[in-house]
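Following: one structure in structure tokens, then a few remarks.
There are 2 protein chains.
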Amino acid sequence: MAAMTTEAPDTLVRLKAIADPVRWKALQFLREPAPSTCRPGAAGVCGCDFEVVLGLAQPTVSHHMKVLVDAGLVTGEKHGRWVFYHLVPEAFGELQRELATFASAAAEVPA
Amino acid sequence: MAAMTTEAPDTLVRLKAIADPVRWKALQFLREPAPSTCRPGAAGVCGCDFEVVLGLAQPTVSHHMKVLVDAGLVTGEKHGRWVFYHLVPEAFGELQRELATFASAAAEVPA
DNA sequence: AGCACCTATCGACATGGGTCGATGTTTTTC
DNA sequence: GAAAAACATCGACCCATGTCGATAGGTGCT
């Protein structure tokens, strides 16, 4: 179940993945993970952690994480019976560059 | 009021506004506007232009533009009976910085 | 083996939001 | 004043999707 980060999902897919309150909160947690409640000293954030952080049922968490992984924003490594999630900085870098084209658009005024 | 760009809408509101195929296309058009079909030589893009570009009915266009304006991504100036829309570069700059925090997050490289 | 735990999938439900027709408001033009 | 054009608002429809319970698949522990 390797994460196919080589192919570039559409920008809209990534934006739609981010533009959800639950997934946005999940990404923020991935950015600054609190000490794992299910596995102290773990090298990542597992799905069961998100259940606590997000306050949602397990299938719902699984669904949201799948969306993030499919969008290429997050990778999920399976270690034992846990899945550890990590951010994909490149994906956010690409989005950053996309938005930059809009931030600099108004700079050039039609002659 | 027309342009309440002083208050900062939530980041999620802006992301949700962008993460829509129609509005994304509208933003791209605002970035590189083609010559206006309803008013040649106009100093902006009016709503009726979007009807042609997006291929949608007028109420639908009005709805989408309102979402973009409310999100602070676009301003709408009313000139006569037309409303000319422009990008708000600052808003995209803020989003850019938001995403930068994820792009620079601890990137552990697999051995 | 048997059990407990984490995760993925399925099915069903409810909500949100995109879409359009009809209508109203404002402004320009004749 | 009347007509036309651009835009906003309203109401309704319909699809996408977030949510959960039930269930199945996998893994580690005793």
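Going down the list, the protein sequences come from chains Y and H.
Okay, so the first sequence: first residue is 2 according to the working numbering, each after it adds one.
Okay, so the second sequence: first residue is 2 according to the working numbering, each after it adds one.
Heads up, the beta-carbon is just placed ideally off N, CA and C, and yes, glycines get one too.
Computed from a predicted structure; not experimentally measured.
Cβ neighbour criterion (16 or more within 10 Å) applied to residue i
i: D50 of chain Y; result: buried
i: R82 of chain H; result: exposed
i: V53 of chain Y; result: exposed
i: G56 of chain Y; result: exposed
i: A35 of chain Y; result: exposed
i: A58 of chain Y; result: exposed
Helix, strand or coil at residue i [DSSP, three-state]
i: F103 of chain H; result: helix
i: V46 of chain Y; result: strand
i: V54 of chain H; result: helix
i: E33 of chain H; result: coil
According to DSSP, residues forming a beta bridge with residue i
i: H80 of chain H; result: H:W83
i: V75 of chain Y; result: Y:L88
Neighbourhood of residue i by C-beta distance below 7 Å, restricted to the same chain and skipping five residues each side
i: R24 of chain Y; result: A18, H65, V68 and L69
i: V89 of chain H; result: T6, G73, L74, V75 and T76
i: V14 of chain Y; result: A72
Own chain residues within Cβ distance below 8 Å of residue i, not counting five before or after
i: P111 of chain H; result: In this prediction, P111 of chain H scores a pLDDT of 44, lower than 50, which makes its location untrustworthy; the coordinate-derived value is nonetheless stated afterwards. Cβ within range, chain order: n/a, list empty.
i: G48 of chain Y; result: Q59, V62, S63, M66, W83, V84 and Y86
i: L16 of chain Y; result: L96
i: L28 of chain H; result: I19, L69, L74, V75 and L88
i: F93 of chain Y; result: L74
i: K26 of chain H; result: V54 and L55
Cut-off 6 Å between Cβ atoms - residues of its own chain near residue i, not counting five sequence neighbours on either side
i: G77 of chain H; result: V70, V84 and Y86
i: T12 of chain Y; result: E99
Handout entry: the region 87 to 104 of chain H contacting the region 93 to 108 of chain Y, beta-carbon criterion three pairs below 8 Å
Key = Contact check between the region 87 to 104 of chain H and the region 93 to 108 of chain Y: three or more CB pairs, one atom from each, fall below 8 Å, which counts as touching.
Practice task
Taking 8 Å as the threshold, find out whether the region 73 to 93 of chain Y comes into contact with the region 65 to 78 of chain H through three or more Cβ pairs.
Solution key: Cβ pair count under 8 Å is below three, so no.
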